[in-house]
Amino acid sequence: MSTRQKARLVDISKCMGCRGCQVACKQWNELQAEKTKFFAAKGGYQNPAALSTDTWILVKFYEKQTEDGLTWRFRAHTCMHCTEAACIEICPTEPKAMSRDQTTGFVYVNEERCIGCGVCAEACPFGVPHVDANRGVSTKCSGCMARIENGMIPACAQACPGEAITFGDLSALLAKANERISYLKTKGYTPHLYGESESGGLRTLFIMPEGLLFYGLPAKPKSKVDTSLFRHRLKDLGKKGIPINAKMVREVLARDGIKKDTASELA
Amino acid sequence: MKISRKDFLKISGSFTLGMMLLGIPDLKFAEEILEAKKDFKLKYAKETTTICPYCSVGCGILVATKEGKVINTEGDPDHPINEGALCSKGSALYQVAVNERRLDKILYRAKGSDTWEEKDWDWAISEIAKRAKASRDSSFISNYEDGTKVNRTEGIACLGGASLNNEECYLLSKMMRSMGITYLEHQARLCHSSSVASLAASFGRGAMTNHYIDVVNADVIMIMGSNVSENHPITTKWINRAKDRGAVVISVDPRYSRSSSIADIYAPFRSGTDIAFVNGMILYALQNNFVNKDYVLTHTNASFIIKESYDFKDGLFSGFDPINKKYDSAKWGYELDEAGIPKKDETLQNPRCVYQLMKKHYSRYDSKKVCAITGTPEDVYLKICEVFTSTSAPDKVATWLYAMGSTQHSYGTQNIRTYGILQLLMGNIGMAGGGINALRGISNVQGSTDYALLFHLLPGYLRIPDAKEHPTLKAYLEKTTPTNNDPKSANWWGNTPKYVVSQLKAWWGEEAQKENDFCYDYLPKNEGDRSFIKVFHAMYEGKIKGLFLFGQNPVVGGPNTTKTLAALEKLDWMVSVDLWQTETSTFWKRPGVNPSQIKTEVFVLPAVSSVEKEGSITNSGRWAQWRYKATEPVGKSKSDLWIMDRVFKKIRDLYKNGGGAFPDPILTLNWNYGEKEPDVHKVAKEVNGYFVADADLKERGKFQQGQQVPSFAFLLDDGSTACGNWLYSGSYTDQGNMMARRNDEDAPNKIGLYPNWAWCWPVNRRIIYNRASCDVNGNPYDPQRWVVKWIAEEKKWIGDVPDGAWANIEKYAFIMRPEGVGCLFATGLADGPFTEHYEPLESPVNNIMSSQQVNPIAKVTQDEFIDKLGSPGKFPIVATTFRVSEHWQAGAMTRNLPWLVELMPDMFVEISEELAKEKGVANGDRVIVNSARGSIEGYAVVTKRFKPLLITGKLVHQLGLPWHYGYEGLATGDIGNTLTPNVGDANTHIPEYKTFLCDLKKA
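Chains A and B, in that order, give the protein sequences.
Sequential numbering from 0 applies to the first sequence in numbering that gives the first Met the number 0.
Sequential numbering from 0 applies to the second sequence in numbering that gives the first Met the number 0.
Structure below.
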C-alpha cells in the first residue's frame, strides 16, 4: 500500500493569520494553553515561541518591506509528515515508537512504545517533536488520524476560514498546488511549492508566494543527528545487554559528533 | 471543501425538541447521537447545533457532550456560512463552556464593603426588586406641568443585550419600557448606530444589505472602515473564493492589517478622513461618467428637483442655526408639483436636480486635494478610483465591507452616506455581490438593534414617543407615519399604525383597547438625547441611581474611562448579569481605589452561556438562527430570560402589594411565560404575532383567534392582531419555527441565498432592495448573477423574495423610503444631504475644504475637568483604536479563555519605525500614551505596517491600540478607552473612538 496517500496543503497566499488552526488543534487534542508574554517574535503576533508538547501547530508572522510594498504573511508551522522522516529513522525502540500510519502516511507517536528519549526531537529538521517529561513520551501533530479514520478532516484544516489549510489525497493536492503556483505566477508572485520533493516528499505542503527564502525553511532538510553514528554507538551499548532507555540515549546524544550543525543547510 | 461526515458518523438516534418542529421537511433535528470507529473521542457523544456567540457572521458550531459534559466544540460542516470553519475565538468556545472562571454563584457587595458575599437567588431577586421599585418611585415623572403624560422613570438605566438571544432582548425591552425606563441603551449605540441612521437615509432600512456568503459574488471587494479578516474572520472564506473568481480586493486602512494582507491593493490614509477619500471617488465617477445611468435614473433620486432653499457655502448647508447648532432640514426638501409629487428632470440637466447639485458639490474633491487631506499616495488613490468605478458597468459589481472604522466618528453617519452615494451611482445596491455591508461585531447585535434596546426606538424601528411631539397615539401615528403622494411609491412605512397597535396589543393584551388608545399612555415619553454618552453623563451628575447591565462592560467599552468610573461611583446600586466578573462589576475594588469610599451596592448574577440555553440570534446578514441547549448551566447560573422573568415578577408583586408610582403598566403587562424556566417558544411566538380575534381578510383568508400571523402583511391596526416585533413576523408561524430550519440547498439562481436555512428578516428576503437589481422591465442588470427576475407572462418575480411584489414598472424598488428610490441626496439627516469633509474634533491640521473645522453639529460633551479635548501642540500624534482576531469587544469573553490569552496576553501599542526612532523606543519596550483624558501603558509593537503620512505638507504620525484590555481576567492591561473622548456623531451620538490626538513616550 502506498504510504503517500493523504496530506495537508498550506496555501500561504490564502492565510490571514487568524490562528483558528492553532486553537482548534488545542481544542481537539485537549492541549493546555502556554504562559506567554507580549509577543514571541518580531513582525507580528506570534505566540508561543515554538512548537511544544502543548502546541502542535503554530502560526509564524513574517513582515517584510520590498520594492513592491509591504508584505505580511503568516505560516502555520506543524509536522511535515516527511516521507524520509528523520524522526522515524532515528527512533531507537524496537519496534519503533515513531510510526507511519499505513492508511494516511502520517507520522505519529505510538505512546505504548515510546520511551521519551527525545532523539526524534533532536533529529527533526523542523523542530517538531517534543518530549512530555511528565508522561515520558514524545508528542507532536498526528495529522488527526483518528478524525480521518472517522470521516472527518484534521482539526486545523476544518477550522481554517480562508481555506489556506486544506486536506486531501496527496496526489490531488499536488495537482491543485501546481495549478495554484501557475496562477500566482500570473499575478506577479515568485511562488515556490515546498514539500514536493523535500525529505522524499512532505505531507504538509506549502505554497510560498514569495519563494522559499522569505520563509526561512531549509532547502534540503536533513536529520540534525548523525543517524549512522548514533545507531552505531547505541548498538555498542546494546551489545552489553542493557535494554535501551531514555537516559542511555541522552548520554549517546551528548557525545561529540552525533549532532550535526545544520545551520549551513538553512536556505 | 464540503465533507459528508454523516457517511461515517452514523446517526443512530435523534431527539425531538418540541412537537412543533414536526411536519416541516426543512427542520432537521438539532441533536444527534454519533457512532464511530474504535474508541474515538466522539463515539456515542451527543451533538447539538449552536451558533457562535462571538462576532456577527453567525457560524454554526457543533457541541458534543457525553453524560452532560461538553467534550468538544467545532465548526458545523453543514452550515452554509462557515462550512465547518472557525476562527480562533469560535474554536475556543469549549473554554467558555468549561471554565473555572465562569460565575457560578450570586455575589453581593454591600455599600463600602471590600468583599463579595455569596447570596441565594431568592434574596438577590427580592433585594433587586426593592431597589428598582424605590428608584423608580422616587424618580418617576407622571406629567409635565402642562398636563402632558410622560410616565417616565429618570433614575434607572439599563445597558446591554447584544449577546442575548432575541427572545431575551424582546422581554428586556418590554419589561424596561413597562417600568417607564428611557435610559435604555446597549452596545449597538457604540458600534453601528450611525450605520442604521445612514443606511435608512440612503435606502430605507438600517441594515447590511446583503449577507456574508454573498461576498463571493463580488468583482471588487472594498474593505474600508473594517478589518474584516480579523474581526469577522470567516468572511475571508468568501473573499478568497471571490478572488479565485478574479475579484480584486482593496484595503484602505490607516494601519496595514491582517485584512490588508489578503488585498490586491492597499492604501494608507489618515484616520478620520474617510469622507474626503470617498467624495473624491464620487467625483472621479461623475467626471469620467463611470455611472450606471439606467440604474441612476430608475432607482435613485438623481432626477429629483431640490427646493431653492437648499444651498451649500463654505462647509455649511443652508438652514444652519449657529446658536442651537442645528440645521433646519426642511430647507433641503424636494420641489413638489401640484399633486404633491416630487418634480423630476429625467434628462438630468436641470441645475436644481440632484445630479447637477451633486456634480457641483463634489467638484471640489479632486485627487490632489483628497490626497493632501488623507495622506494617501495619489497613484494608489487613482488606481482605487479606477478599479472601483469599473463596477459602474451593469454586470459588474462591488461590495463595501465596513464596520467601526467608519461608524465611530463625529460624522460617522456621513462616512457611510458616502458609500451609499457611490454604490448607487455604480448601480450596486440590490445586486448579488453588491451592497453596503455593515459588519456587526456581536453575535446578536443585529437582533438587539431590531428589538430596540436603544433609547429612541421601540422594537421594529418604531420611534419611542416623544413627550412634546407625541402626547397622544393620534399625534404619534400622524407624525411618525410617512406619507407620499407619488402613486409609484409603495411607502411601506405607511403601515406604521398596524405595527404600533399590534405591539401595544402584544404588550398590554386585553387591557389595550381602542377606547384607551391601546394603552399608549403606558409607554414612557422620552425627551432629548438619552444615548450612551448621556447615560453616563446623567449618572455622573447623580441623576441615575440604579443600573442594570445585561452582559455589557462599559468600563472597558465606553469612551473616557475615567468619567465612566466616576459616574459608576455615584450609583446607589448596580446589577451585573454576566458570565464573568467584569471591570464594571468590580469597579469598586479596581487598582488604586479604596472600596470603603464607594457606596454603590453591586449584585452580580451568574448568567448561562449560549450553549446552556435555547433561543434565536440574528447575524449581520439578518439571518435569525435558532440555538439549542447542549448542556446544563454552570453552578447556580440561570438564563437571562429566567432572570428577567423573576425580577419582573418580583417587581410586579411589590407593586401589587405596596402601591407606588403609576403601577398600571407593570400590573397589566401581558407577561405569562410559565412558572419555572420561561418558555422561549412562547416568547418567539408572541414576537411573530397572532390573531387576538377572528379576522376575515377576504381574499387573503380567514383567521381564527389564537392563530399565528403568517407575516406582517397580515397585521391590523384595529386591535385584532398582536405582534411583538413586526420585523420578525413570519419567523414563527403556524408552520413552525422557521428560524430553526436547516435545509442547506441553495436557490435555483445559485448565488448562495440558501432560502430554507434559518429565516431572515424581512419575510425571508436575503438581499434587500433586490428589485433594484433589475431594470424597469424587471430584467436583471447582471443576467449571470441575477437575484430576482420578472416573469411577465405570470406577472410575478422569481428568485429571492422580491422587495415588494409589484412589477418595477408599477412601484419603485426602495419601498421603505417615502420617495421610493435610493437617495443620492438624503433629506432626513441632521448634518446635511450631501457628504462634506470635516476634521475630527481632535485633529493635527486645519480643514482645507472650508472654514468649518469640525462637523458643526457634532455632539460634544466638553468641560475643563473630565471631558477635556486636546490640542495638536500638546498631542501631535493621531491615534486610533482597533480590535484583534483573538480578543472580543470588552474582553471578558476572551481574556478569561487560556487559549486566547496565550495568543494575545498583553496590552500593546502599534507604532511606526519612524515614530519609534523619534521617541527612542524599541520593539517590546514599555511605552506610555497620553491624551487629554488620561494615560495608559503598554508594550510597543514597532512595525512597518504603520507609516507617517504627509498631510497638507506636514508629517503626521499615527498609532493604533487595541481597546480589549482591562484589570480583570487572565490577560490584563490598561484600558484603551481611557484615552478616547465623549464626542458624538451628529445623528446618533456614536462616540468618536476612532480618531483622537495623543502623545507617546518611553515608560
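Backbone N, C-alpha and C define an ideal beta-carbon position, used for all residues, glycine too.
DSSP state of residue i mapped onto helix, strand, coil
i, result
"C155/A", "helix"
"M223/B", "strand"
"E917/B", "helix"
"V251/A", "helix"
"R770/B", "helix"
"G545/B", "strand"
"T360/B", "In the sequence under discussion, the amino acid at residue 360/B is His, which differs from the Thr named in the question. Three-state DSSP puts H360/B in a helix."
"Y286/B", "Note on residue identity: the sequence assigns Gln, not Tyr, to residue 286/B. In the structure shown, Q286/B sits in a helix (DSSP, three-state: H, G or I)."
"T583/B", "coil"
"P24/B", "For P24/B, the pLDDT reaches just 43, beneath the cut-off of 50, and the residue's location in the model is therefore unreliable, leaving the point undetermined."
"F864/B", "coil"
"R257/B", "coil"
"H536/B", "helix"
Contact with chain B by residue i, beta-carbon distance below 8 Å
i, result
"N149/A", "yes"
"Q101/A", "no"
"M267/A", "Outside the modelled stretch of chain A, which goes from 0 to 266, sits residue 267/A, for which no answer is possible."
"D69/A", "Going by the sequence as given, residue 69/A is Leu instead of Asp. Taking Cβ atoms only, chain B reaches closer than 8 Å to L69/A, which makes this a yes."
"A262/A", "Reliability of the predicted coordinates at A262/A is poor, the pLDDT of 49 falling under 50, and the value obtained from them is presented with this limitation in mind. No, no contact with chain B."
"W27/A", "yes"
"P47/A", "yes"
"R72/A", "yes"
"G104/A", "no"
Residue-chain proximity (residue i, chain A), Cβ-Cβ < 8 Å
i, result
"Y966/B", "no"
"M892/B", "no"
"N922/B", "yes"
"Y93/B", "yes"
"G620/B", "no"
"E46/B", "no"
"V900/B", "yes"
"A84/B", "yes"
"F1004/B", "Nothing about residue 1004/B can be read from this structure; chain B reaches only from 0 to 1002."
"T235/B", "yes"
Rounded straight-line distance, which links the Cα of residue j to that of residue i
i, j, result
"A929/B", "K1001/B", "The residue asked about is misnamed: residue 929/B is Asn in this sequence, not Ala. Each residue's alpha carbon lies about 11 Å from the other."
"K306/B", "L356/B", "11 Å"
"G59/B", "K367/B", "47 Å"
"K361/B", "I80/B", "As written in the sequence, residue 361/B is Tyr, which differs from the Lys given in the question. If I take the Cα positions, the gap works out to 39 Å."
"G965/B", "P897/B", "16 Å"
"V775/B", "N807/B", "5 Å"
"N323/B", "A857/B", "12 Å"
"S11/B", "E31/B", "Unreliable positioning characterises S11/B in this predicted model, as indicated by a pLDDT of 36, which lies under 50. The coordinate reading is nonetheless provided below. Answer to the nearest angstrom: the Cα atoms are 7 Å apart."
"T189/A", "D10/A", "14 Å"
"D38/B", "F945/B", "51 Å"
"N671/B", "T388/B", "55 Å"
Three Cβ pairs or more, each shorter than 8 Å: is that satisfied between the stretch 55-73 of chain A and the stretch 7-16 of chain A? yes
Check whether the stretch 725-735 of chain B and the stretch 753-769 of chain B touch, using three or more Cβ-Cβ pairs below 8 Å as the test. yes
Could you name the residues of the stretch 152-166 of chain A whose beta carbon sits closer than 9 Å to any beta carbon of chain B, in the order they occur along the chain? I152, A154, A156, Q157, A158, C159, P160, G161, E162, A163, T165, F166
Using 8 Å as the Cβ pair cut-off and three pairs as the minimum, do the stretch 113-124 of chain B and the stretch 78-95 of chain B touch? no
The stretch 903-911 of chain B / the stretch 969-986 of chain B touching (three or more Cβ pairs under 8 Å): yes
Got a sec: which bits of the stretch 253-265 of chain B sit with their beta carbon under 8 Å from any beta carbon on chain A, in order along the chain? Y255, R257, S258, S259, S260, I261, Y265
At least 3 beta-carbon pairs within less than 8 Å: the stretch 742-754 of chain B vs the stretch 394-407 of chain B: no
Chain A contacts from the stretch 184-202 of chain B (Cβ-Cβ distance under 8 Å): none
Assess, as a yes-or-no matter, whether the stretch 408-422 of chain B is touched by the stretch 277-294 of chain B under the definition of 3 or more beta carbon pairs within less than 8 Å. yes
Name, going along the chain, the residues of the stretch 28-39 of chain A whose beta-carbon falls closer than 8 Å to a beta-carbon of chain B. Q31, A32, E33, K34, T35, K36, F37, F38
Check whether the stretch 176-187 of chain B touches the stretch 520-534 of chain B, taking contact to mean three or more Cβ pairs, one atom from each stretch, closer than 8 Å. yes
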